[in-house]
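What follows is a set of notes on a single structure, which appears directly below.
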Amino acid sequence: MKVIIPLAGIGSRLRPHTYSQPKALLQVAGKPILGHILDRLLRVGLQDFVFVIGDSGYQIESYISANYPQIKRVFVAQDSLNEAAHAIWTVKEHIEKEREILIIPGDAIFSLKPEDVLQVKHSVAGIQKVDNPCLFNIAELDDERKFIDKVVVKPKIPMSNLALIGIYKISDVPLLLKAVEHLVSKALITDGEYYMTDALKFMVKEGAKVGIAEANYWYDCGKKDSLLAANAVLLNRPEFLSTQSEKYQSCILIPPVSIGENCEIENSIIGPDVAIGNNTKLKDVIIKNSIIGAYSELENAVLDSSLIGDDVVLSMPHINLNLGDHTEMK
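Positions in the sequence shown are counted from 1; adding 366 to them yields my numbering.
The structure is reproduced here in structure tokens:
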């Protein structure tokens with residue numbers, strides 16, 4: 367099965383970090399977001415990918431070529447930032463002969479198991495129950511609660527709390543392309559974008575059976591808070607629960623903590639829920655619930671819920687920060 371991964375978004379809500387790199391390459395729990403996604407897909411045997419890239423796509427290409435040389439891959443440039451449905455339209459020549467495809471957003475961390483989606487014969491949409499359905503695109507189910515009966519974009523009076531999370535297995539590719547062509551040819555735009563939810567709505571009206579697969583968690587890593595929340599969830603794995611106290615004897619490490627290669631840490635308290643990039647130096651700091659980039663130097667700082675980019679020099683008292691790459695503060 368061919369996997370389509372849209373990656374053309376500019377990540378404006380994560381400025382200044384996305385000025386220097388694509389959102390999908392931001393580090394979470396010691397690895398880029400895209401790396402976590404690809405590792406999960408490779409574990410279930412998926413090897414054929416189409417990456418839809420934007421202006422900084424060369425960084426995506428370099429990362430994948432260096433870290434996943436074994437996969438079959440095609441990179442397609444999206445000439446406008448018009449969400450996933452337009453991304454599908456952009457790659458139509460690469461999927462029109464496919465029997466089934468899998469669509470996975472390249473900037474999300476989720477618990478949904480790919481195998482739970484792949485084993486189903488009909489189309490499937492990933493969903494998650496949410497507290498405030500008015501903020502999401504919502505799926506309403508049929509009487510048997512097996513298939514999607516209706517799709518509503520950010521309903522004012524929601525009839526369901528099942529939010530669509532952007533993960534789709536499509537078992538009728540010609541119908542999907544017909545739906546996307548209908549949107550593009552008639553310029554049926556929602557909030558200035560061509561959304562997959564509108565294409566899904568068209569498919570359901572045409573009689574397509576679209577089931578659901580529920581995720582326990584889903585983080586759209588387009589904002590600082592959701593990126594840190596995803597980091598905390600991914601760190602809650604056995605390999606991050608060791609204290610590594612023998613290596614950093616002058617420090618207190620409160621797991622879960624991810625520490626990159628060639629790091630130097632002195633007289634510090636690190637954790638919980640902290641990920642530190644490679645070749646970073648920390649001295650006399652207290653850090654929790656934060657992501658620290660590679661090749662950075664932090665001294666005399668107290669950080670909580672902070673996102674620090676690569677190559678940052680920081681020496682200052684307690685503050686809540688959101689620093690981009692190549693920044694120096696004293």
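Note that the Cβ used here is the ideal one computed from N, Cα and C, for glycine as well. All values derive from a computational prediction rather than experimental measurement.
Report all residues from its chain with a CB closer than 6 Å to the CB of residue i; omit the five preceding and five following residues, and keep chain order.
i, result
"Y661", "N645, D676 and D677"
"E331", "Only positions 367 to 696 of the chain appear in this structure, which leaves residue 331 out of reach."
"I536", "I467, S489 and L542"
"P398", "L391"
"E663", "K647 and V679"
"V496", "F502, N527 and A529"
"A595", "Y585"
"N597", "V394, A395, A641 and I657"
"S422", "P388"
"H692", "D677"
Would you identify the three-state DSSP class for residue i, choosing helix, strand or coil?
i, result
"I536", "strand"
"I499", "It should be noted that the sequence gives Pro, not Ile, for residue 499. Three-state DSSP puts P499 in a helix."
"E510", "coil"
"E694", "strand"
"Y585", "strand"
"I399", "helix"
"I376", "coil"
"E481", "helix"
"E559", "strand"
"V668", "strand"
"A529", "strand"
"L673", "strand"
"A453", "helix"
"E572", "coil"
"E462", "coil"
"S386", "coil"
"D414", "strand"
"K368", "strand"
"S681", "strand"
Pop quiz: residue i and residue j are said to be a contact at Cβ under 8 Å. What is the actual Cβ separation, rounded to whole angstroms?
i, j, result
"Y638", "I657", "Inspection of the sequence shows that residue 638 is occupied by Pro rather than by Tyr. That pair is no contact at about 13 Å."
"G401", "P388", "Not quite, the Cβ-Cβ distance comes to about 12 Å (not below 8 Å), so this is no contact."
"D473", "G643", "D473 to G643, Cβ: 19 Å. No contact."
"W724", "I531", "Outside the shown range of the chain (367 to 696) lies residue 724, about which nothing can therefore be said."
"E630", "D650", "No, E630 and D650 are not in contact; Cβ-Cβ is about 12 Å, not under 8 Å."
"I469", "I533", "7 Å"
Among the options, which has the Cα closest to the Cα of residue i?
i, options, result
"A374", "I430, A443 and P382", "A443"
"L391", "P471, I437 and W455", "P471"
"A453", "L594, I652 and I371", "I371"
"E481", "E510, L407, K649 and I636", "L407"
"L380", "E605, S681, L600 and K590", "K590"
"L673", "N602, L593, E627 and I636", "L593"
"V486", "V394, I475 and A579", "A579"
"A395", "G626, A505, Q436 and I469", "G626"
"I419", "M562, D445 and Y434", "D445"
"L669", "H692, I635, T693 and K479", "I635"
"I618", "S428, I652 and H692", "I652"
"R603", "I533, Y434, A641 and E612", "A641"
"I475", "N582, S681 and G659", "N582"
"P622", "A491, L601, E612 and Y614", "L601"
"L478", "S681, V410 and E572", "V410"
"M695", "N686, N688 and M682", "M682"
Quick one: what's got a C-beta closer than 7 Å to residue i's C-beta in the same chain, skipping five residues either side?
i, result
"A565", "A451, L542, A545, V546 and L549"
"S616", "E632 and N633"
"C500", "K520, P521, K522 and P524"
"G690", "P382, H383, Y385, S386 and G675"
"Y434", "L404"
"T563", "N503, V517, V519 and L530"
"A574", "S489, D538 and L541"
"K567", "V517"
"S624", "A395, G396, L601, F606, A641 and I642"
"S671", "L594, N655, S656 and N686"
Heavy atom of the ligand FMN less than 7 Å from the Cβ of residue i, yes or no?
i, result
"A596", "Looking for the ligand FMN in the displayed structure turns up nothing, as the structure carries no ligands at all."
Starting from the C-beta of residue i, find all residues in its chain whose C-beta is less than 8 Å away, skip the five residues before and the five after it, and write them out in chain order.
i, result
"K438", "Q413, D414 and F415"
"L507", "F513, I514, D515, S526, L528 and I578"
"A570", "Note that residue 570 is Val in the sequence shown, not Ala. The answer, listed in chain order, is I514, D515, K516, V517 and V576."
"N628", "N644 and N645"
"G659", "Q393, G643, T646, I674, G675, D676, D677, V678 and D691"
"L554", "H548, Y560 and D564"
Alpha helix (DSSP H) runs wholly inside the segment 416 to 442, at least 4 long, in chain order: 423 to 433
Beta strand (DSSP E) segments (min. 3 residues) lying fully within the segment 590 to 631: 623 to 625
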